[in-house]
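Trainee: Please find one structure pasted underneath; my questions will follow.
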Amino acid sequence: MRGSGCDAAPGQSGTNAYTHENHEEGCENVRSGWRSRGLWLVLAALVAMSLLVDAAAAQRQITIRIAHADPPDPFVAQKHAQALTFKALVESATGGRIRVEVYPAGQLGGEREYLEAVNLGTIEMGIASGAMAGFFPEAMVFDIPYLFPNQAVAWRVLDGPFGQKISKLMEQKTNMINLAYGEVGFRHFTNNVRPIHSPQDMQGLKIRVQETPVYVRLVQSLGGSPTPIPWPEVYSSLDQGVVDGQENPVSTIDYARLYEVQRYLTLDGHSYGVDFTVINKRFFNSLSPEDQQLIRRAAFTAARVNQGIKALNEALALNKLQQHMEIYSPTPEELAQFRTLAQQAVIEWLRTQIDPALIDEVLAAVREAEASFGI
Ligand code: MLT
Numbered sequence: 336m337r338g339s340g341c342d343a344a345p346g347q348s349g350t351n352a353y354t355h356e357n358h359e360e361g362c363e364n365v366r367s368g369w370r371s372r373g374l375w376l377v378l379a380a381l382v383a384m385s386l387l388v389d390a391a392a393a394q395r396q397i398t399i400r401i402a403h404a405d406p407p408d409p410f411v412a413q414k415h416a417q418a419l420t421f422k423a424l425v426e427s428a429t430g431g432r433i434r435v436e437v438y439p440a441g442q443l444g445g446e447r448e449y450l451e452a453v454n455l456g457t458i459e460m461g462i463a464s465g466a467m468a469g470f471f472p473e474a475m476v477f478d479i480p481y482l483f484p485n486q487a488v489a490w491r492v493l494d495g496p497f498g499q500k501i502s503k504l505m506e507q508k509t510n511m512i513n514l515a516y517g518e519v520g521f522r523h524f525t526n527n528v529r530p531i532h533s534p535q536d537m538q539g540l541k542i543r544v545q546e547t548p549v550y551v552r553l554v555q556s557l558g559g560s561p562t563p564i565p566w567p568e569v570y571s572s573l574d575q576g577v578v579d580g581q582e583n584p585v586s587t588i589d590y591a592r593l594y595e596v597q598r599y600l601t602l603d604g605h606s607y608g609v610d611f612t613v614i615n616k617r618f619f620n621s622l623s624p625e626d627q628q629l630i631r632r633a634a635f636t637a638a639r640v641n642q643g644i645k646a647l648n649e650a651l652a653l654n655k656l657q658q659h660m661e662i663y664s665p666t667p668e669e670l671a672q673f674r675t676l677a678q679q680a681v682i683e684w685l686r687t688q689i690d691p692a693l694i695d696e697v698l699a700a701v702r703e704a705e706a707s708f709g710i
């Protein structure tokens, strides 16, 4: 009690009227004041500590839910391989502080539904291709028919300045951030009615397309009748004859066992599907800069796994499909017919949907990437 006068002997307090009893009583009041102030300080410290513990716990308990609509087998489905790799990288780098829950096989709906959830922030992440156009029409710039001659050129464009520009635009125009590009691959027509050698053979065929208008234009331009159907319903739609055909890469036709319900395959490679790896923008921006970097790195590596698994399965699938389907490779002249009809019609339409400069820029980026590979 230094400074309170309670250490001084009675009578030394400087007040003659101040008796021993008064002094003791006053000192007791001072002591009890200090005791209660001490108690408050201890309580305040405990509250502050518990808030700090809560904050630390909240930081430890981050959960990222990531959805896709492909099967839960990483060796056949590139999106699942990507999601599992992302999960392992993030969880091991954070010692489990950030948990990643993977929802495959359309558990959270088809692409459009789970992209809506990511855009709204009711889940954190998704991997999707065609349906992205419904949220971000500029995504269709990669769907221009016969844009990329091969995977190497596609990967260089996606990882280069043009791919980065499209990601930045998505961040500005939606509630989503594209963390990395994966691959759906080169798409081909299948059907149950007749072999398709040239666009004439497409006349009147009912073809299932992804939920994106650019594929509707593509099929229309070739004389077919397009029907958008979510991916989880494609097998049954073909099985029940709701549509005559569909279009997808060979490895997708293989893993989804579409050869069981489709007889003819035409290797026209009309477009190259891109997988976008998206995360809700508000969620991502709420993370620490360190966590953001960690997530970006994990997404980049996981997208490489997506591309690798897809490339491997593309290389292996054709042999398998040959046992089940009648496969036709169009001649250069036939391919030129597909290309001329589809590319012109889609580019013309796309110029009315997005900034036409983006179309010129992607064509220039492809030419540049081709030159870098000596094409
Ligand atoms: C589709 O046709 O909906 C997609 O190509 C399926 C997929 O992403 O695997």
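According to our numbering, the sequence shown is numbered sequentially starting from 336.
Using N, Cα and C, we set each Cβ at its ideal position, and we do this for glycine too.
No experiment lies behind these values; they were computed from the predicted model shown.
What residues in its chain sit with their C-beta under 6 Å from that of Ile-433, if we drop five residues either side in the sequence?
Mentor: Excluding residues within five positions, the ones whose Cβ falls inside 6 Å are Ile-397, Val-425.
Trainee: Ser-464: buried (16+ other C-beta within 10 angstroms of its C-beta) or exposed?
Mentor: Under this definition Ser-464 is a buried residue.
Trainee: Please state if the CB of Gly-539 and the CB of Ser-560 are separated by a distance shorter than 8 Å.
Mentor: In contact: Ser-560 and Gly-539 (Cβ atoms closer than 8 Å).
Trainee: Is the CB-CB distance between Glu-446 and Pro-565 below 8 Å?
Mentor: In this structure, Pro-565 lies closer than 8 Å to Glu-446 by Cβ.
Trainee: Would Gly-444 count as contacting chain D if we go by Cβ distances under 8 Å?
Mentor: In summary, chain D is missing from the structure at hand, where a single protein chain is found.
Trainee: Look at the Cβ atom of Gln-486, then the Cβ atom of Val-640, and state whether they are nearer than 8 Å.
Mentor: No, these two residues do not count as a Cβ contact at 8 Å.
Trainee: If I measure Cβ to Cβ from Asp-408 and keep anything under 8 Å in the same chain, skipping five residues before and after, which residues do I get?
Mentor: The answer, listed in chain order, is His-415, Tyr-590.
Trainee: Count the other CB atoms, across all protein chains shown, that sit within 10 Å of the CB of Phe-708; report buried if there are 16 or more and exposed otherwise.
Mentor: Result: exposed.
Trainee: Give every residue of the same chain whose Cβ lies closer than 6 Å to the Cβ of Val-519, excluding the five residues on either side of it in the sequence, and list them in chain order.
Mentor: Excluding positions up to five away in sequence, the list reads Ser-464, Gly-608, Asp-610.
Trainee: What I want to know is whether the C-beta of Val-551 ends up closer than 7 Å to one or more non-hydrogen atoms of the ligand FAD.
Mentor: This structure lacks the ligand FAD; the ligands present are the ligand MLT.
Trainee: Going by the DSSP bridge assignment, what does Arg-543 pair with across the sheet?
Mentor: Arg-543 is bridged to Thr-562.
Trainee: Pick from Glu-436, Val-437, Gly-461: whose alpha carbon is nearest that of Gly-448?
Mentor: Reading off the sequence shown, one finds Glu at residue 448, where the question assumed Gly. Ranking the options by Cα distance to Glu-448, first place goes to Gly-461.
Trainee: When we look at the beta-carbon of Ser-556 and count the other beta-carbons within 10 Å, is it buried (16 or more) or exposed?
Mentor: Buried is the call here.
Trainee: List the DSSP bridge partners of Arg-592.
Mentor: Answer is none; Arg-592 lacks a bridge partner.
Trainee: Restricting to Cα atoms, I'd like to know which of Arg-400, Val-488, His-532 is closest to Glu-668.
Mentor: The candidate whose alpha carbon is nearest that of Glu-668 is His-532.
Trainee: Assuming Met-475 contacts Gln-627 (C-beta within less than 8 Å), just tell me the rounded distance between them.
Mentor: Not quite, the Cβ-Cβ distance comes to about 28 Å (not below 8 Å), so this is no contact.
Trainee: Tell me which residues share the same chain as Pro-466 and place their Cβ nearer than 6 Å to its Cβ, disregarding the 5 neighbours each side in the sequence.
Mentor: Per the sequence presented here, residue 466 reads as Ala, with Pro not at that position. Cβ neighbours of Ala-466 beyond the five flanking positions: Glu-446, Arg-447, Leu-450, Glu-546.
Trainee: Let me know the secondary structure DSSP gives His-403 once reduced to three states.
Mentor: Looking at His-403 - three-state DSSP - the assignment turns out to be coil, as it is neither helix nor strand.
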